[in-house]
Amino acid sequence: MSDIYSFGVVLLEIITGRRIIDNSRPSEEQNLIAWAQPLFKDKKKFHLMADPLLEEDYPVKALYQVLAVAAMCLQEEATKRPLITDVVAALEHLSMNKS
1 MSDIYSFGVV LLEIITGRRI IDNSRPSEEQ NLIAWAQPLF KDKKKFHLMA DPLLEEDYPV
61 KALYQVLAVA AMCLQEEATK RPLITDVVAA LEHLSMNKS
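Using full-length UniProt numbering, the first residue of the sequence shown is number 1, and each one after it goes up by one.
Have a look at this one:
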């Protein structure tokens, strides 16, 4: 289950364009997971997690869905994290539905 957590970290890095630890950011944003956890709780703030280099040119629904996958992988309690087969299936589904 730690592999799933690590995958969630990498997925969040890809989505946000941020590194897991970035000391060049303000202190409350230096740890990617600590910064993202409150944002996961409010769908209206999901756009704040999209890589700014995308310049808001992405399907919003797909952003929400891939962030949901990342959030599931980053559950603190290992037993609440999905199996890798479920993660792969979710990502395959997203890649086929380019909406």
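Quick reminder that beta carbons are idealized off the backbone N, C-alpha and C, glycines included.
Every value quoted in this text rests on a predicted model; they were computed, and no experiment measured them.
Cα-Cα separation between residue i and residue j, rounded to whole angstroms
i	j	result
alanine 50	lysine 80	25 Å
glutamate 29	asparagine 23	9 Å
valine 9	valine 66	12 Å
glutamate 76	glutamate 92	25 Å
lysine 41	asparagine 97	24 Å
histidine 47	serine 95	19 Å
lysine 44	lysine 61	12 Å
leucine 74	proline 59	23 Å
Residue i beta carbon near the ligand MN (any heavy atom closer than 7 Å)
i	result
valine 9	Summarising the ligand content, the structure contains no ligands, and the ligand MN is consequently not present.
Three-way DSSP call (helix, strand, coil) for residue i in this model
i	result
isoleucine 84	helix
isoleucine 15	helix
Buried versus exposed call for residue i [16 or more other C-beta atoms within 10 Å across all chains shown]
i	result
arginine 19	exposed
alanine 89	exposed
isoleucine 21	exposed
alanine 70	buried
isoleucine 4	buried
isoleucine 15	buried
Candidates the options: closest to residue i by CA position
i	options	result
glutamine 37	Ile4, Ala78, Ala68, Leu94	Ala68
serine 6	Ile33, Tyr64, Leu39	Ile33
If you pair each beta-carbon of the segment 46-59 with each one of the segment 77-86, do three or more pairs fall below 8 Å?
Short answer: they don't touch.
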